[in-house]
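Counting from 43, one number per residue, gives the positions in the sequence shown under the numbering used here.
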Amino acid sequence: TALALPEVGNAISASTLTVLLLEQSTALTTDSTILHRIGTERFANVHMPLLVDEHNQSLRLCMAVAESPVIKCKDLPRPKDSVAEGYVLGGTSDVGREPLIFAGKSGINAVYDGKDGRLIARIDSEGGHVRADGSVVLLGSDEKRSLVIVNKKPGEDAVSTKLPVKLDDGSTLALVHLLWGDLVGWSLDKSASYHLGRFLPNADSNIGYAKVGFEGAPGQYGAPMSGLDACRATSITAMANSHRLVVRSGATFSAPLEVSGTQLACGEKGAVMLGATYNQTSYASRCDSNACTTFNVGEKDLTRGYEDILKSTSVFRGWVSEKFLLVWSTARLGVRYRLAVPDQIAAAPDQILLDDWLGPSEKPNEAGKSEMRSESMMVDFRVLSRPGFALVLVATKKGIFPIYINGKGESLPAKVEVSK
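(1) Taking the Cβ atom as the reference point for each residue, do Tyr9 and Gly317 lie within a distance shorter than 7 Å?
(2) Could you spell out the range, first to last residue, of the beta strand (DSSP E) harbouring Leu103?
(3) Roughly how many whole angstroms lie between the Cα atoms of Ala373 and Pro384?
(4) Counting only the same chain and skipping the five closest in sequence on each side, list residues whose C-beta sits under 6 Å from that of Thr58.
(5) Keeping to the same chain, check which residues put their C-beta closer than 8 Å to that of Leu93; ignore five residues upstream and five downstream.
(6) Just to check my reading of the structure: Val301 and Ala307 have Cβ atoms closer than 8 Å, yes? What is that Cβ distance to the nearest angstrom?
(7) Run through DSSP, which three-state label would Pro91 get?
(8) Kindly indicate the opening and closing residues of the beta strand (DSSP E) around Thr355.
(9) Rounded to whole angstroms, what's the CA-CA distance from Phe295 to Ile278? Just pull it up for me.
(10) Could you check what DSSP says for Arg374 in three-state terms: helix, strand or coil?
(11) Pull up the CB-CB distance for His89 and Val137, whole angstroms please, since I reckon it's below 8 Å.
(12) Is Gln305 buried or exposed, if buried means 16 or more other CB atoms sit within 10 Å of its CB?
(13) Run through DSSP, which three-state label would Thr345 get?
(14) Within this structure, are the beta carbons of Val190 and Ser202 separated by less than 7 Å?
(15) Alpha carbon to alpha carbon, what distance is there between Ala265 and His237?
(16) Closest to Gly212 by C-alpha separation, out of Leu221, Ser110, Lys232, Met281, would be which residue?
(17) Based on Cα-Cα distance, which residue from His219, Leu367, Ser229 lies nearest to Met281?
(18) Return the chain-ordered list of same chain residues with a C-beta closer than 8 Å to the C-beta of Gly159, the five sequence neighbours on each side being excluded.
(19) Of all the options Asp175, Lys157, Ala145, which has the alpha carbon lying nearest to the alpha carbon of Arg164?
(20) Assuming Arg481 and Phe358 make a contact with CB atoms under 8 Å, what is their CB distance in whole Å?
(21) In three-state terms, what does DSSP make of Leu62?
(22) By a C-beta neighbour count over all protein chains shown, 10 Å radius and 16 as the cutoff for buried, is Asn39 buried or exposed?
(23) Please report the distance separating the alpha-carbon of Ser331 from that of Thr345.
(24) Gln386 by DSSP, collapsed to three states: which one?
(25) Hey, how far is the Cα of Asp166 from the Cα of Lys204?
(26) Measuring alpha carbon to alpha carbon, tell me which residue in Val207, Leu180, Leu367 is nearest Lys194.
(27) Check His97 in the structure and name its three-state DSSP category.
(28) What did DSSP end up calling His285 once you bin it into helix, strand or coil?
(29) I need the boundaries of the beta strand (DSSP E) containing Gly496, first residue and last residue.
(30) Can you find the residues in the same chain that come closer than 6 Å, C-beta to C-beta, to Thr60, ignoring five residues on each side of it along the sequence?
(31) Return the Cβ separation of Lys462 and Thr68 in integer angstroms, given the expectation that the two are a contact with Cβ distance under 8 Å.
(32) Please report the distance separating the alpha-carbon of Lys157 from that of Tyr379.
(33) Taking C-alpha atoms, which residue in Ser135, Leu433, Asn87 lies nearest to Leu368?
(34) By the 10 Å Cβ neighbour count, where 16 or more other Cβ atoms means buried, how is Ile207 classified, buried or exposed?
(35) Would you tell me roughly how many angstroms separate the C-alpha atoms of Gly182 and Val460, rounded to the nearest one?
(36) Is it buried or exposed, Glu452, if we count other Cβ atoms within 10 angstroms and call 16 or more buried?
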């Protein structure tokens, strides 16, 4: 009999998804130990490419989108110069294009085409992007340790251009990032003030520098932002580190906003910083170009008086369809989630994502029966979100299985299709 907890919303019932039912769907991989080796692109867009790196096996490249719970995958041959450090999706891509695959420690030693696995360039890369027309741009260092951009059009050889240290306005390049094909960075002028700008090609094929954002005082908000995260939705692009965020709308960046958080997300109404405090309070700070508004969900908001069975052991946060997403595992009542507008998330009812405790009986004389197990049948899980959907990657003893959550808060096992 299901334990009825009307105060917390849905209870586990006969219709709840179990680990055994989930394992009947197609796995992203049958290796349950490589959850940490399934990665998406460095900066978040509206779609979600996934790279499954199965150690010495082939590379599985997948694509998930908001419009469908179907994840389409293909297997690529592992490069002959395979590296022990593995492969990552270290760049970005426009919708409809395969991502770039980066090889080596932190993905900096070589870049491969996600379309066919062919080598594009050997470069100490700091980022790359695939445009809608199939052209590729890379940012990195050449063999002389000079900072370069590499442009490659379909069917043509790659062309490398050195970035100037001294810019055309007399300032000095301080730091540069590649954001979806745009080179954006900070310069330092003779008065020791920083400027945020964009690199643009001039008529003579040299690279100019155009200021597109705020001007900050030395050592204050205008200082270059390292350790960068970035995201974009249809109309919003944002970049942030652990304490500052700037929002780009159109061609101009806002002045920096003071923020805190460990995860950046983008929605149509602004950028969002997600994180948790030392006492396990989850929060979402939604920011436009002028200010941020923070919404909190504490541990007591999740347990609602049932600390013994609803105490959270792992909490993941996301942002889907302008709503705050929380996914967490509990002591005995399954993996649960809430998806609600941020000012209603604390009082929103729980949904049951997965019953990870119900499984085959552990008693020798009750083979074929199901019972509450003495330990969870789930090995681990993690959550990846995009503006219109989220994926919960669940590791069991039989592999890693994705569960899809749409913008309405509906969940179901994703269908994995692998092309031959």
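For every residue, glycine included, the Cβ atom is placed at its ideal position computed from N, Cα and C.
To lay it out plainly:
(1) For the chain, the structure presents residues 43 to 462; residue 9 sits outside this window and is missing.
(2) In the sequence shown, residue 103 corresponds to position 61, counting from 1. Its beta strand (DSSP E) spans residues 101 to 107.
(3) One-based indexing of the sequence shown puts residue 373 at position 331. One-based indexing of the sequence shown puts residue 384 at position 342. Distance between the alpha carbons of Ala373 and Pro384: 25 Å.
(4) Position 16 of the sequence shown, counting from 1, holds the residue named residue 58. Cβ neighbours of Thr58 beyond the five flanking positions: Ile394, Asp397.
(5) Here residue 93 refers to the residue found at position 51 when the sequence shown is read from its first residue. Taken in chain order, the residues that qualify are Ile80, Gly81, Thr82, Leu101, Arg102, Leu103, Cys104, Tyr129, Val130, Leu131, Pro141, Ile143.
(6) If you number the sequence shown from 1, residue 301 lands on position 259. If you number the sequence shown from 1, residue 307 lands on position 265. 12 Å between Cβ atoms; not a contact.
(7) Walking along the sequence shown from the start, residue 91 turns up at place 49. The answer is strand: DSSP assigns Pro91 an E or B state.
(8) As a first step, residue 355 must be located in the sequence shown, where it is residue number 313. Start and end: 354 to 362.
(9) Here residue 295 is taken as the residue at index 253 of the sequence shown, counted from 1. Here residue 278 is taken as the residue at index 236 of the sequence shown, counted from 1. If you take the alpha carbons of Phe295 and Ile278, they lie about 10 Å apart.
(10) Counting from one through the sequence shown, the residue named residue 374 turns up at place 332. DSSP places Arg374 in coil when its eight states are reduced to three.
(11) Residue numbering aside, residue 89 sits at position 47 when the sequence shown is read from its first letter. Residue numbering aside, residue 137 sits at position 95 when the sequence shown is read from its first letter. At roughly 5 Å, the Cβ-Cβ gap stays under 8 Å, so His89 and Val137 are in contact.
(12) Taking the sequence shown and counting its residues from 1, one reaches residue 305 at position 263. Flag for Gln305 reads buried.
(13) Here residue 345 refers to the residue found at position 303 of the sequence shown. Residue state, collapsed to three classes: helix.
(14) In the sequence shown, residue 190 corresponds to position 148, counting from 1. In the sequence shown, residue 202 corresponds to position 160, counting from 1. Their beta carbons are under 7 Å apart, which means Val190 touches Ser202 by this criterion.
(15) Position 195 of the sequence shown holds residue 237. Position 223 of the sequence shown holds residue 265. Distance between the alpha carbons of His237 and Ala265: 8 Å.
(16) Position 170 of the sequence shown, counted from the start, is the residue given in the question as residue 212. Checked all of Leu221, Ser110, Lys232, Met281; the closest Cα to Gly212 is Lys232.
(17) Along the sequence shown, one-based indexing puts residue 281 at 239. Looking at the Cα atoms, His219 is the closest of the given residues.
(18) Within the sequence shown, numbered from 1, the residue matching residue 159 stands at position 117. Hits under 8 Å: Leu101, Leu118, Pro119, Pro121, Ile143.
(19) Residue numbering aside, residue 164 sits at position 122 when the sequence shown is read from its first letter. Measuring from the Cα of Arg164, the nearest candidate turns out to be Ala145.
(20) Only positions 43 to 462 of the chain appear in this structure, which leaves residue 481 out of reach.
(21) In the sequence shown, residue 62 corresponds to position 20, counting from 1. In this structure, Leu62 counts as helix in the three-state DSSP scheme.
(22) Because the chain spans 43 through 462 in this model, residue 39 falls outside it and cannot be assessed.
(23) The residue given as residue 331 occupies position 289 in the sequence shown. The residue given as residue 345 occupies position 303 in the sequence shown. In a straight line, the C-alpha of Ser331 is about 35 Å away from that of Thr345.
(24) Position 344 of the sequence shown, counted from the start, is the residue given in the question as residue 386. Helix at Gln386.
(25) The residue you call residue 166 lines up with position 124 of the sequence shown. The residue you call residue 204 lines up with position 162 of the sequence shown. Cα to Cα, Asp166 sits roughly 14 Å from Lys204.
(26) By one-based count along the sequence shown, residue 194 stands at place 152. Considering only alpha carbons, the answer is Leu180.
(27) Walking along the sequence shown from the start, residue 97 turns up at place 55. Three-state result, His97: coil.
(28) Residue 285 sits at position 243 when you count from the first residue of the sequence shown. Here His285 sits in coil by DSSP.
(29) The chain is shown only over 43 to 462; residue 496 falls outside these bounds and no answer can be derived.
(30) On the sequence shown, residue 60 is found 18 positions in, with the first residue counted as 1. Hits under 6 Å: Asp397, Leu400.
(31) For the purposes of this step, residue 462 is taken as residue 420 along the sequence shown, with counting starting at 1. For the purposes of this step, residue 68 is taken as residue 26 along the sequence shown, with counting starting at 1. Not a contact, Cβ separation roughly 14 Å.
(32) Within the sequence shown, residue 157 is the residue found at index 115, counting from 1. Within the sequence shown, residue 379 is the residue found at index 337, counting from 1. Near 35 Å, if we compare the C-alpha coordinates of Tyr379 and Lys157.
(33) Start at 1 with the first residue of the sequence shown, and residue 368 comes out as number 326. For the residues Ser135, Leu433, Asn87, the minimum Cα distance to Leu368 belongs to Leu433.
(34) For the purposes of this step, residue 207 is identified with residue 165 of the sequence shown, where counting begins at 1. A quick correction: the sequence has Val, not Ile, at residue 207. Val207 should be labelled exposed.
(35) As a first step, residue 182 must be located in the sequence shown, where it is residue number 140. As a first step, residue 460 must be located in the sequence shown, where it is residue number 418. Taking the straight line joining both Cα atoms gives about 33 Å.
(36) Your numbering for residue 452 matches position 410 in the sequence shown. Exposed is the call here.
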